[in-house]
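A.B. asks: Chains as they are written, first to last, in full-length UniProt numbering: chain A, 1 to 317; chain B, 1 to 317.
Below are the structure tokens for one structure; questions will follow.
Next up, the structure:
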């Protein structure tokens, strides 16, 4: 099993710089007063394609040889990775095939097509997804870019923390959401080299707390179909992301659905940022565990802003 | 009638700097492609109290002598000026009395109180508002800070364009919404001195187009009670703002309610910015008049982000 190295992350950063934004870091005196901490928000919701995932996807796409690139790339994802891979493939001018469940929101499908992605639909089950994906990959010969368990993707996500540490001095803690663990792994990869003193905290929905339980148990526990409003965080850890989580994460904190929705709404109201439910999870866990963060300088990765404005969670109750 | 000078704006900037944010300027390749223009968005939705109005309000509050300040300030407003004046007065530690219609949203009243403002309610009519306000002012002796027809307020709003011109080179056009005309007047005050080559365009809802009709007629036309989703733009021009509009504005463009809502939603989706309906009006008029803006470098003032997240306009249809 190849584990990406610090040099892989540095190479990734050079490779993807023309295709990504160096996103800004924002602060909020309101949230600082509320928490007693100094919070710094790295706004990957302003990133190309609306999420940090474009970092890893671009690294995979632009790292291909011309020969391999000609066959295109493929993946399965119903979310930001599908968008990001389509965006990156479009920039390189190569095909991108995406397997998405037919139940995925039309808006998400339209956005993938808008970036030039080609969608093949599957039933909303793991069996169907794997079957359909195997067929698409065999037919196209495209390079499979896994949403998170891919060393190129992890190295790409690690560039976010590298920028963050250039933008803010003296962080004590770094908090990011955890689903499959791609962003957290990239964060571990980078910080364990350039700032090992920064503690890394992962935040997870209570209703999809497989990473939390894995962390406590000491081995990967995968749930079949967790249900949470934080739809980017439903997937389980895999062996590469488990490597980073088990070696470098200090703690995993969880928040309830109501706490996630409240944190999301409060951020929209106070910071005027459109963020998706998944990236409200870190703030929800900070608000719930203030004593852990008070007096500290805390980096928070705002992972993405792709949300269905017609289906806002606080309007569904 | 005292018309604020360029020196007043420079003095205002020095005075308010400790109390305001130098807000960032964002760009969007999506909107650049859509319009054929190069658009620069000055994000006053990230401003203290969530809107540009804190510039003028802070200038008025911090320009008072200690003796006058002791009596506090007062105003009538159901919107961002009430919030901003309460914020500024709170920073100086002096009372702020605000007359608001009893029909104003509870969320707005709570926000004013959150900043320390004292609310006196009136009926939702001009007669009631003036009667109640006269009483409050007589009782408190507070300094009246008009929401826009006040030289201190206009000088304060002018600081926004000064920052903008430091942040972006070579603008051809500057677009801002127009209601009472405070922001547009400040923009005229500053640009007519430091960048007279920049054309100033004001944007207005079709359903509250009194400034447009005034501009065409050559004198102030005031409507009694226009109805528009852009609730910050319902008020009429007054003599000081008319002075700037009639002397320095190049054109006034209008947009329909549907166009305003579409531009607002598109900005949330694509730029991940929470902006209020009033500040979607400039973008709506740009999308409607692309030929005026294509090939140009265009500054857009995103005036504020105080919106009721439970009452989003695209969910009310």
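Beta carbons are placed, not taken as given, at the ideal position from N, Cα and C, and that holds for glycine.
On a predicted model such as this, the values are computed, not experimentally measured, just so you know.
Could you check the C-alpha separation between residue 313 (chain B) and residue 305 (chain B) for me, to the nearest Å?
C.D. replies: Cα-Cα distance, rounded: 14 Å.
A.B. asks: Using the beta-carbon count (16 or more within 10 Å), is residue 315 (chain B) buried or exposed?
C.D. replies: With fewer than 16 other Cβ atoms within 10 Å, it is exposed.
A.B. asks: Do residue 153 (chain A) and residue 182 (chain A) have their CB atoms nearer than 8 Å?
C.D. replies: Cβ atoms of residue 153 (chain A) and residue 182 (chain A): closer than 8 Å.
A.B. asks: State buried or exposed for residue 149 (chain B), treating a residue as buried only when at least 16 other CB atoms are found within 10 Å of its CB.
C.D. replies: Flag for residue 149 (chain B) reads buried.
A.B. asks: Closer than 8 Å is the cut-off here; do at least three beta carbon pairs connect the segment 274-291 of chain A with the segment 257-265 of chain A?
C.D. replies: Contact between the segment 274-291 of chain A and the segment 257-265 of chain A is present, because at least three Cβ pairs lie under 8 Å.
A.B. asks: Compute the Euclidean distance between the alpha carbons of residue 109 (chain B) and residue 119 (chain B), then round it to the nearest angstrom.
C.D. replies: Using only the alpha carbons, I get a separation of about 8 Å.
A.B. asks: How would you list, in chain order, the residues of chain B whose beta-carbon sits under 8 Å from the beta-carbon of residue 305 (chain A)?
C.D. replies: Correct list: 272.
A.B. asks: Can you confirm whether residue 309 (chain B), when its beta carbon is compared against all beta carbons of chain A, has any partner nearer than 8 Å?
C.D. replies: Chain A, which has a Cβ nearer than 8 Å to the Cβ of residue 309 (chain B), makes this yes.
A.B. asks: Identify the contact partners of residue 45 (chain B) in chain A, using a Cβ-Cβ distance below 9 Å as the criterion.
C.D. replies: 272, listed in chain order.
A.B. asks: Taking DSSP as the reference, what is the three-state secondary structure of residue 301 (chain A)?
C.D. replies: It is a strand residue.
A.B. asks: Per DSSP, what kind of secondary structure is residue 267 (chain B) in: helix, strand or coil?
C.D. replies: The answer is helix: DSSP assigns residue 267 (chain B) an H, G or I state.
A.B. asks: Taking the alpha carbon of residue 127 (chain A) as the point to measure from, which residue in A:297, A:225, A:271 and A:301 has its own alpha carbon closest?
C.D. replies: It is A:225.
A.B. asks: By how many angstroms is the C-alpha of residue 272 (chain A) removed from the C-alpha of residue 278 (chain A)?
C.D. replies: Each residue's Cα considered, the two are about 17 Å apart.
A.B. asks: Using CA coordinates, which residue listed in A:307, A:308, A:296 and A:16 is at the minimum distance from residue 159 (chain A)?
C.D. replies: The shortest C-alpha separation from residue 159 (chain A) is found at A:16.
A.B. asks: Could you tell me which residues DSSP pairs with residue 177 (chain B) in its beta bridges?
C.D. replies: In the DSSP output, where bridge partners are listed per residue, residue 177 (chain B) has B:203.
A.B. asks: Mapping DSSP to helix, strand and coil, what is residue 14 (chain A)?
C.D. replies: If DSSP states are grouped into helix, strand and coil, residue 14 (chain A) belongs with the helices.
A.B. asks: Is the Cβ of residue 315 (chain A) closer than 8 Å to any Cβ of chain B?
C.D. replies: Yes - at least one Cβ of chain B is within 8 Å of the one on residue 315 (chain A).
A.B. asks: Residue 195 (chain A) by DSSP, collapsed to three states: which one?
C.D. replies: In this structure, residue 195 (chain A) counts as coil in the three-state DSSP scheme.
A.B. asks: If we count the other Cβ atoms within 10 Å of its Cβ and call it buried at 16 or more, is residue 103 (chain B) buried or exposed?
C.D. replies: So residue 103 (chain B) counts as exposed.
A.B. asks: List, in order along the chain, the chain A residues whose C-beta lies closer than 7 Å to that of residue 269 (chain B)?
C.D. replies: Under the 7 Å cutoff, chain A gives 309.
A.B. asks: Residue range of the alpha helix (DSSP H) that residue 160 (chain B) falls in?
C.D. replies: Unbroken alpha helix (DSSP H) run through residue 160 (chain B): 151-167.
A.B. asks: Which value, in whole angstroms, describes the spacing of the CA atoms of residue 111 (chain B) and residue 45 (chain B)?
C.D. replies: Cα-Cα distance, rounded: 15 Å.
A.B. asks: Where do the ends of the alpha helix (DSSP H) carrying residue 60 (chain B) lie?
C.D. replies: Its alpha helix (DSSP H) spans residues 53-62.
A.B. asks: Under 8 Å: do the segment 291-307 of chain B and the segment 50-63 of chain B share three or more Cβ pairs, one atom per stretch?
C.D. replies: They touch, by the three-pair rule.
A.B. asks: Going by C-alpha to C-alpha distance, which of B:204, B:113 and B:217 sits closest to residue 231 (chain B)?
C.D. replies: Nearest of B:204, B:113 and B:217 to residue 231 (chain B), Cα basis: B:204.
A.B. asks: Once the 5 residues before and after residue 26 (chain A) are set aside, which same chain residues still bring their CB inside 7 Å of it?
C.D. replies: 41, 43 and 271, listed in sequence order.
A.B. asks: Under 8 Å between C-beta atoms, does residue 116 (chain B) make it to chain A?
C.D. replies: No, its Cβ sits nowhere closer than 8 Å to a Cβ of chain A.
A.B. asks: Count the other C-beta atoms from every protein chain shown that fall within 10 angstroms of the C-beta of residue 77 (chain B), then say buried if there are 16 or more, exposed otherwise.
C.D. replies: The residue is buried, with at least 16 neighbouring Cβ atoms inside 10 Å.
A.B. asks: What are the start and end residues of the alpha helix (DSSP H) that includes residue 234 (chain A)?
C.D. replies: Run containing residue 234 (chain A): none; DSSP gives neither H nor E here.
A.B. asks: Short of 6 Å in beta carbon distance, which residues of its chain neighbour residue 209 (chain A), apart from the five on each side in sequence? Order them along the chain.
C.D. replies: Answer for residue 209 (chain A): 254, listed in chain order.
A.B. asks: Indicate whether at least one CB of chain B lies closer than 8 Å to the CB of residue 265 (chain A).
C.D. replies: Judged by the 8 Å Cβ criterion, residue 265 (chain A) is in contact with chain B.
A.B. asks: Among B:36, B:188 and B:157, which one has its Cα closest to the Cα of residue 243 (chain B)?
C.D. replies: Selected option, being the one with the closest Cα: B:188.
A.B. asks: Going by the DSSP bridge assignment, what does residue 273 (chain B) pair with across the sheet?
C.D. replies: Bridge partners of residue 273 (chain B): A:273.
A.B. asks: Quick check on this structure: which residue in B:57, B:257, B:258 and B:177 has the alpha carbon closest to the alpha carbon of residue 237 (chain B)?
C.D. replies: Residue B:177 is the option with its Cα nearest to residue 237 (chain B).
A.B. asks: Under 8 Å Cβ-Cβ, which residues of chain B neighbour residue 371 (chain A)?
C.D. replies: No answer is possible for residue 371 (chain A): the residues shown for chain A start at 1 and end at 317.
A.B. asks: Expressed to the nearest angstrom, what Euclidean distance is found between the alpha-carbon atoms of residue 55 (chain A) and residue 151 (chain A)?
C.D. replies: Straight-line Cα distance between these residues: approximately 12 Å.
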